[in-house]
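**Q** Residue 1129 is where the sequence shown starts when you use the working numbering, and the numbers rise one by one after that.
Backbone N, C-alpha and C fix where the C-beta goes; we use that ideal spot for every residue, glycine too.
Values in this document were obtained by computation on a predicted structure and should not be read as measured data.
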Amino acid sequence: MTQKPLLELQGITKHYGGVCALDGADFSCAAGEIHAVLGENGAGKSTLIKIIAGVVQPDAGRILLDGKELRLDSPNAARDRGIVCVFQELSLVPDLSVCDNIFLSRPPMKYGLIDARAQQERAAELLFLLGCADIHPMDRVRDLPLSRRQVVELAKALGARPRLLILDEATSALSSEDVERLYRLLFGLRDQGVAALFISHRMHEVKTLADTCSVFRSGRRVDTFVSGTRSDAEVVQLMIGRDVAKAYPPKTGPAPDAPPAVTVKSLSWDSDLRDISLEIRQGEIVGLGGLDGQGQRELLLALFGVLRGVHGGVEVFGQQVAGLAPHICKQSGLGIALIPEDRKTEGLVLPMSIRENASLAHLEALGRYGLLSGVAEKTVVAQMVDKLRIKLGSVEDPVQTLSGGNQQKVVIAKWLMTQPRVLLLNDPTRGIDVATKQEIYVLLRQLAAQGVAILLYSTDYEELIGLADRVLIMYEGRIARTLAGDEITEQEIVASSLNVSLVSPEPEAIA
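1) Thinking C-alpha only, which one of SER1522, ILE1464, TYR1497 is nearest SER1481?
2) Which residues in the same chain have their Cβ closer than 8 Å to the Cβ of VAL1607, if we skip the five residues on either side of it in sequence?
3) Have a look at LEU1325 and VAL1343 and give me their C-alpha separation to the nearest angstrom.
4) Which of helix, strand or coil does DSSP assign to CYS1260?
5) ILE1230 and ALA1251 - do their beta-carbons sit closer together than 7 Å?
6) Mapping DSSP to helix, strand and coil, what is THR1610?
7) Confirm, please, whether the CB-CB distance from ILE1263 to ARG1277 is below 7 Å.
8) Does any residue of chain D bring its CB to less than 7 Å from the CB of CYS1260?
9) In terms of alpha-carbon separation, which member of CYS1341, LEU1401, PRO1384 lies closest to SER1156?
10) Only counting the same chain, and skipping five residues up and downstream in sequence, which positions put a Cβ closer than 6 Å to that of THR1352?
11) State the beta-bridge partners of PHE1155 as determined by DSSP.
12) What residue range is occupied by the uninterrupted alpha helix (DSSP H) comprising VAL1279?
13) Tell me, which residues are paired with GLY1417 by DSSP?
14) Within the same chain, show all residues whose beta-carbon is closer than 8 Å to that of PRO1236, passing over the 5 residues directly before and after it, in chain order.
15) At the level of alpha carbons, what is the spacing between LEU1520 and VAL1147?
16) Identify which residue in GLN1424, GLY1418, LYS1379 has its Cα closest to the Cα of TRP1397.
17) Suppose contacts are defined by Cβ-Cβ distances below 7 Å. Is VAL1414 in contact with LEU1583 by that definition?
18) Could you check what DSSP says for ASP1306 in three-state terms: helix, strand or coil?
19) Give every residue of the same chain whose Cβ lies closer than 8 Å to the Cβ of LEU1309, excluding the five residues on either side of it in the sequence, and list them in chain order.
20) Taking the CB atoms as reference points, tell me whether ILE1654 and ALA1338 lie closer together than 7 Å.
21) Please return the same chain residues whose Cβ sits closer than 7 Å to the Cβ of GLY1356, not counting the five positions on each side in sequence.
22) Enumerate in chain order the residues of its own chain whose CB-to-CB distance from ALA1171 is below 6 Å, with the five nearest sequence positions on each side excluded.
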């Protein structure tokens, strides 16, 4: 007997200007079910969950909860009915405490005032439930790393006691230990009858978590099936509507006589970076691996001149550089560009247009005497939109109207306009669909073939294996090991990340 849906969407349509995000889409989810929603960026997944969460309203269609039609005209209306969403882009207030953020919309009250003690105690309980008692309820969110902020966002959702919990790439910023805790939590909620709806581009997560999978393409649901009944290739073909080419382009590596592009000697910063020395040659893709939070992000920021108080030497194309700063790094003599970790807060100005965001790092070269040439700007932006295949309605649309993958392409376009000679990338494909990832992989290999030196940090081991000519494994702020050639395997990366050896010690001789 088929279980009656907890949530059902019928004929949902939504347009953003000239772009049709959802085109008569149908979808349903049952209580006590973990349901994965799959599809390319731009397939309609994010719009679907925003409609379910009351963030946007559909142009047409019906929403039914427990078989009764309803209108979700705000996030509060959705929460009132037990629908809670954890978006990939966090909704926290950085200058407030952890507990203030968790209970921002509905704090515990006593005598008409916020019960601060009850709020702190309840926040501590939720953090303990998530296995993160190390986060203090009174910590300021701004002072937490991205992975801890994601945990706070999850605690905020649990505090609303959801009947339907929606997770949009909620594991993308979590450490591996936090992901395992989240898995256990979701299984426990499912056993209690809570429905979980999640979006993930990590197929191993789908296999581990999902009971049911629905695939969206071009604004429509194209298939729903029991998890595990389709191969990865079949799922990806459903997502993109065509066979998938080989995920990673062939490794060509730098020329044998390629000179060093970047040489780092004994670089240190506070306790996060400790005596780091490395070299990246022109035309080489060097991967940064290791467990999350081992200094990879800080190393990229140090090389882009964001951090202050960095000690050690940095040479770029044989030139000793003192006093690195972002405005110095992007000058033609150095040509260093950084694709940051969080595109929403570090890479884009969301209310501004796609055109304005794309040209933001290149304005000096697009005019004379301090005046911007609109014709030159539109020309180079159009070239980048075509080169990176950015899907948009108009370059004048706000960049926040784009899907996550296309927003990331705008960030990349912004820095490619500066014609970088050294490209630093911080987990650039986080939360991006398979097809867009492949386009970025091909682009990176093309840039390397043109002589660009690339330093790539990725939390996806497959990316490091498929893309990098060498992989530097970081552990506690140091480079613990360098892998090259046949050494670049998942087993070696994992072992080196844990600072252990796969080689068993020789047994002691018996006297």
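**A** Straight from the coordinates:
1) The shortest C-alpha separation from SER1481 is found at SER1522.
2) Here residue 1607 is Ile; the residue named in the question, Val, does not match the sequence. Excluding residues within five positions, the ones whose Cβ falls inside 8 Å are ILE1404, SER1405, LEU1406, LEU1600, ILE1601.
3) Rounded to whole angstroms, LEU1325 to VAL1343 spans 13 Å at the Cα level.
4) In the structure shown, CYS1260 sits in coil (DSSP, three-state: anything other than H, G, I, E or B).
5) A contact, by the Cβ cut-off of 7 Å.
6) When secondary structure is reduced to three states using DSSP, THR1610 falls in the strand class.
7) The answer is no: Cβ separation not under 7 Å.
8) Within the model displayed, chain D is absent; a lone protein chain is all it includes.
9) The closest CA to that of SER1156, considering only CYS1341, LEU1401, PRO1384, is found on CYS1341.
10) Within the same chain, Cβ atoms closer than 6 Å to the Cβ of THR1352 are found at SER1342, the five residues on either side in sequence being excluded.
11) Listed as beta-bridge partners of PHE1155 by DSSP are LEU1137.
12) Note, VAL1279: alpha helix (DSSP H), 1274-1286.
13) ILE1601.
14) These residues qualify, in order along the chain: ILE1242, ASP1243, ALA1246, GLN1247, ARG1250.
15) Just so you know, the alpha carbons of LEU1520 and VAL1147 end up roughly 7 Å apart.
16) Nearest of GLN1424, GLY1418, LYS1379 to TRP1397, Cα basis: GLN1424.
17) Yes, Cβ-Cβ distance for VAL1414 and LEU1583 is below 7 Å.
18) Three-state result, ASP1306: helix.
19) Sequence inspection shows Arg at residue 1309; the Leu mentioned does not correspond to that position. For ARG1309, where only same-chain residues beyond five positions count, the Cβ hits under 8 Å are LEU1258, GLY1259, CYS1260.
20) Shown here, the chain extends from 1129 to 1639; a query on residue 1654 therefore has no answer.
21) Excluding residues within five positions, the ones whose Cβ falls inside 7 Å are LYS1335.
22) Taken in chain order, the residues that qualify are PHE1344, ARG1345.
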